[in-house]
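See structure below.
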Amino acid sequence: MTRPDQLPEQPSRAHDDAVARETAARAAAAEPLTSPHDGAPGPVREQLTATVEALSADLIGLSHRLHADPETAFTEHRSVAAVAELLARHGIPAEVGVHGLDTALRARIGSGGGGSGGVSGDGGYGDGEGDAAAGPTIAVLAEYDALPGIGHACGHNVICASAVGAFLALARQLHDSPVPGTVLLLGTPAEEGGGGKETMARDGALDGVDAAVMLHPFAHDIADHPFLGRRQLEVTYHGVAAHASAHPHRGRNALDAVVMGYQGVAMLRQHLPDGDRVHGVVVDGGQVPNVVPERAAARYYLRSQHPDTLQDLTERVRAIAVAAAAMTGCGYTLTWDPNPPYLPIRHNRTLAARWSQHQAARGRTVYPRGVVPESETGSTDLGNVSVRVPSIHPMIAIAEPGTALHTTAFAEAAAGPAADRAVLDGAAGLALVVADLLHDAGLRAAVATEFAEAGGPVDVPSFFDTA
Ligand SMILES: [Zn+2]
Ligand SMILES: [Zn+2]
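Last residue of the sequence shown: 467 (UniProt numbering), numbering continuous.
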């Protein structure tokens, strides 16, 4: 590439520096969440922690293996095979290619059939314990997709290895001292844009599940960091081609419609709630200057903090997109969500407090929500799980504060010593939270009550039907 005539200016660090100072001050004063519940008995906790330690070579090996061989959304064949292979070595069969996705995985341990209770069919979570003899069913979720070009820059190798570690530790524990209950390991492809968890949920992956747990690597430990809901809109304008010099009056300019829509979105931004985000790119701007563009298209992401504010944002952007067509005499096609929309995460704080307390015992200070700026966030398909069953998605530190997700620096960190420690801390933490749920009926009731008070299950497939 030739050198530009003028290089771009480098954005000022002033805002980031101010945010870093404020974050450090809030962090110093932060009170980690604590839990009033008993959770699992001491000997159970000790065995789980010891088993994770004994598995450390397997787990860190898995994390590094995935990291060294990154596969993007829906193509994670070698990654899911590595998980199945490790489970098989520990005597646990796994199904690969389940719930509608070739690279999804499902494995099960424990006493129950995994098909009773839960939100589907019997009136919802909180309806009691389903089949009391079978006990609760808890899902541990493992992501393993990477990003195009920069590999595991979101650290999903750490997510996967810690989930598998928790599952293997629980398998050993439940084998040695059984309690009623079922633990599922769900390998969930394509978090980066593909919405694999939504596809799996629609195929019944969460039927009978009482709670779901996973973690995500980050530059801080946070119990319940917010994630925005996200929709995608592709708007294509249909104009009328004409010679741009000889007969411009015979044309209707699809590029003009894209520009008007883009400008309308830019003006909308001033009037959005704090935290809402809309960002777009032009994916088709016509072919040559001397032909009035017959076709032009833009692609937008719309993000908001709550399911209903995302519905509101949808309506406002739709009105702009349609008005831009009217202004320019063009036709239009609106294509919503070629991949499933992502819902915001509804954190279960009762469960997040258990996580926080277990991590404190491992020497980690887990911040509650609000210490790290809530604007520093994205979207995840775990949101879609979290509005179906009570869920946690704590962030675990693997990189220095200020290291952003989806960068080469984060990709490097994801196989470094801090990431390896996070695999073990994370595996132990997830295993302990699941054991708490299996052993403590009071905790299960509190988790269910919080979920019900937050609105109960959302019917995700029909939620945006009006769009
Ligand atoms: Zn990511
Ligand atoms: Zn991620």
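We put the beta carbon where it would ideally sit given N, CA and C, even for glycine.
Note that the coordinates shown come from a computational prediction; the quantities given were computed from them, not determined experimentally.
{"query": "Alpha-carbon to alpha-carbon, residue 332 and residue 254", "result": "9 Å"}
{"query": "With 16 other Cβ atoms within 10 Å as the buried cut-off, status of residue 344", "result": "buried"}
{"query": "Residue range of the unbroken beta strand (DSSP E) whose run includes residue 141", "result": "137-142"}
{"query": "Beta-bridge partners of residue 391, as assigned by DSSP", "result": "212 and 347"}
{"query": "Classification of residue 189 by the beta-carbon crowding that lies within 10 angstroms, buried from 16 upward", "result": "buried"}
{"query": "Pair within 8 Å by beta-carbon distance, residue 104 and residue 200", "result": "yes"}
{"query": "DSSP state of residue 464 mapped onto helix, strand, coil", "result": "coil"}
{"query": "Contacts around residue 383, its chain only, beta-carbon distance under 7 Å, and the 5 residues preceding and following it disregarded", "result": "227, 229, 342, 343, 344 and 345"}
{"query": "Meets three-Cβ-pair contact criterion under 8 Å: the stretch 14-29 and the stretch 40-52", "result": "no"}
{"query": "Assumed close pair residue 438, residue 52 - CB separation to whole angstroms, cut-off 8 Å", "result": "The pair is not a contact, with the Cβ atoms about 17 Å apart (cut-off 8 Å)."}
{"query": "Minimum length 4: unbroken alpha helix (DSSP H) runs contained in the stretch 411-462", "result": "417-439 and 441-453"}
{"query": "Nearest-angstrom Cα separation, counted from residue 245 out to residue 407", "result": "46 Å"}
{"query": "Straight-line gap, residue 81 to residue 202 (C-alpha atoms, nearest Å)", "result": "24 Å"}
{"query": "Start-to-end residues for the alpha helix (DSSP H) that takes in residue 284", "result": "Unbroken run through residue 284 is the beta strand (DSSP E), 277-284; no alpha helix (DSSP H)."}
{"query": "Which residues DSSP lists as bridging residue 336, in chain order", "result": "233"}
{"query": "Simplified DSSP state of residue 195, which is helix, strand or coil", "result": "coil"}
{"query": "Beta-bridge pairing of residue 380 - partner residues as DSSP gives them", "result": "Bridge partners of residue 380: none, in fact."}
{"query": "Check: residue 156 C-beta below 7 Å from any heavy atom of ligand 2", "result": "yes"}
{"query": "Simplified DSSP assignment, three categories, for residue 178", "result": "coil"}
{"query": "Residues near residue 5 by beta carbon distance below 7 Å, same chain, minus five either side", "result": "none"}
{"query": "Exposure of residue 214, with buried meaning 16 or more beta-carbon neighbours within 10 Å", "result": "buried"}
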